[in-house]
Amino acid sequence: MLPEHILGGKTTEEIVNYVPYNRGPETIGTGPFKFAEWKSGEYIRVVRNEDYWRGPEFPAIDEIVWSFIPDSNTRLNAMKAGRYHYARLEPTQVIEVREVEGYDIHLVSQNTFMHFDLSINLDRGRVLFSDPTVRQAIFHAIDREAIADQLMQGTVTIANTPINPNSPYFNAAVPSYEYDPVRARRMLDQAGWVVGPDGIREKDDQRFSFVMLNRAGSADRIDIAQVIQAQLKEIGVEVQFETLESAAWTQKWRSGLWERMVSAWFLPADPSITGLYACDGPNNMTGLCHPELDEAMEASDRALSFEERKPLLDEAQERLAKTARSLPIYYNVVPELVSTRIGNFRASGTNFGSFWNLYEWTLR
């Protein structure tokens, strides 16, 4: 439902791009705050909605400014300087965060999972990763426990499936790619990839070398990528990096024209993985297309009861693991650093995030 007196007669594209409505004071809504100012790439300023439906006592704060700071280290330094009241940080920063005075740290478990994907949309990707034995070998060479314990400070749980263990749809029987570099080397040997004079494997004049796409400012993903780079070198696989700013990274991710990346995805409480892994899924950028997997995922989306849906999602999770195209690494925990001056903050790992009760927040 849209306001006809503002948007009547406009096409869908015009509505989406109608800046005064979507990003300015003319925007109509029922939330606790109203847009006052939006400076792209820098900040959004909102002010109290005097007509908020919950009553005149809400919201309790008159004005909020959200600043855009893509780099997590810059965010942390800004919090240390006392310039902000709230920030989301990275699990890799938990130890340092605990030393910041005047703030409380909340470790918020989310339905987000970090994963290591490969794409076969490029020629080199098809040459390197078409053989499932090779893909499985790569997965067995990645020590996810080390990533969880050393990088993430032991705050996260290892993942074998996109669906969180807190969900009733989680399948504990999904096969796991345990860390086993000896097995990984043996599998690559069997697949015909032999170690060359420089320690990197070769086959048919092709070096086993690929490029991993990274997003600048994502400290946790870059750290994970560097660990994976070192671990794969131990089995004779070379990893190079391409690091792009957020907008360029998103554009390249959506093109599918990359070979490997560490990424994260958020599932709703009622999970569906179809959009991420179906042949025609809107967020499937890897080229994965498995008809039996599609059938299980799509049937689970149509199911009307838990009893009908559970076995279908169990099957989908198992089939996805066997494709060895996407390796879940861990389930995300988001450190939220909150000023002790903020009252009524209640963390939430849902889609709405911890701003779900923003109308109740107070500032002392």
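For the sequence shown, this note's numbering assigns the number 4 to the initial residue and increments by one for each residue that follows.
Beta carbons: idealized from backbone N, C-alpha and C, even for Gly.
Fair warning: this is a prediction, and the values are worked out from it, not measured in the lab.
Need the endpoints of the alpha helix (DSSP H) that residue i sits in, please.
i: D1; result: This structure cannot speak to residue 1, because the chain is shown only from 4 to 367.
i: T15; result: T15 to V19
i: E241; result: Unbroken run through E241 is the beta strand (DSSP E), E241 to L247; no alpha helix (DSSP H).
i: L191; result: P184 to Q193
According to DSSP, simplified to helix, strand and coil, what is residue i?
i: W252; result: helix
i: G346; result: strand
i: H8; result: helix
i: A374; result: What the structure shows of the chain is the stretch from 4 to 367, and residue 374 is not part of that stretch, so it cannot be assessed.
i: R367; result: coil
i: I203; result: coil
i: E181; result: coil
i: T158; result: coil
i: I332; result: strand
i: V130; result: helix
i: P338; result: strand
Can you name the start and end residues of the beta strand (DSSP E) that residue i belongs to?
i: I108; result: Y106 to L121
i: E99; result: Where E99 is concerned, there is no enclosing beta strand (DSSP E), although the alpha helix (DSSP H) it sits in stretches over V97 to V100.
i: F213; result: S212 to R218
i: W268; result: R263 to F269
i: R91; result: Y89 to R91
For the putative contact between residue i and residue j, defined by C-beta atoms under 8 Å, what is the C-beta separation to the nearest angstrom?
i: Y182; j: R147; result: 7 Å
i: L110; j: P338; result: 6 Å
i: F213; j: A162; result: About 23 Å; that fails the 8 Å criterion.
i: A324; j: T164; result: 7 Å
i: D297; j: A281; result: 5 Å
i: L361; j: P62; result: 7 Å
i: E262; j: S122; result: 6 Å
i: S75; j: Y46; result: Contact flag wrong, Cβ pair sits at about 18 Å.
i: F142; j: L330; result: 5 Å
* Every unbroken alpha helix (DSSP H) inside the region 272-321 [4 residues or more] -> Considered as a whole, the region 272-321 harbours 277-280 and 294-305 as its complete alpha helix (DSSP H) runs of no fewer than 4 residues, in chain order.
* Asked: Should the region 31-46 be called in touch with the region 307-320, which here means at least 3 C-beta pairs below 8 Å?
  -> Fewer than three beta-carbon pairs drawn from the region 31-46 and the region 307-320 are found closer than 8 Å, and the two stretches are therefore not classed as touching.
* In the region 26-81, which residue ranges form an unbroken beta strand (DSSP E) of at least 3 residues, counting only runs that do not cross its ends? -> The region 26-81 contains these whole beta strand (DSSP E) runs: 36-42, 46-51 and 66-70.
* To do: Please determine if the region 333-350 and the region 135-143 are in contact, where contact requires at least 3 C-beta pairs separated by less than 8 Å.
  => No, they do not touch.
* If you pair each beta-carbon of the region 227-238 with each one of the region 178-189, do three or more pairs fall below 8 Å? -> A contact exists between the region 227-238 and the region 178-189.
* Asked: Does the region 73-91 touch the region 322-336, meaning 3 or more C-beta pairs lie closer than 8 Å?
  -> Output reads no: the region 73-91 does not touch the region 322-336.
* How about the region 91-110 and the region 266-282: do they share at least three Cβ pairs that are nearer than 8 Å? -> Taking one beta carbon from each stretch, the region 91-110 and the region 266-282 have fewer than 3 pairs nearer than 8 Å; the two do not touch.
* Three or more C-beta pairs below 8 Å linking the region 298-318 and the region 168-180 -> Flag = yes, the region 298-318 and the region 168-180 touch.
* To do: Count the CB pairs spanning the region 244-254 and the region 206-220 that are closer than 8 Å, and state whether there are at least three.
  => With three or more CB-CB distances shorter than 8 Å, the region 244-254 counts as touching the region 206-220.
* Okay, do the region 54-68 and the region 300-310 touch, 3+ Cβ pairs below 8 Å being the bar? -> No, because fewer than three Cβ pairs between the region 54-68 and the region 300-310 fall closer than 8 Å, the two stretches do not touch.
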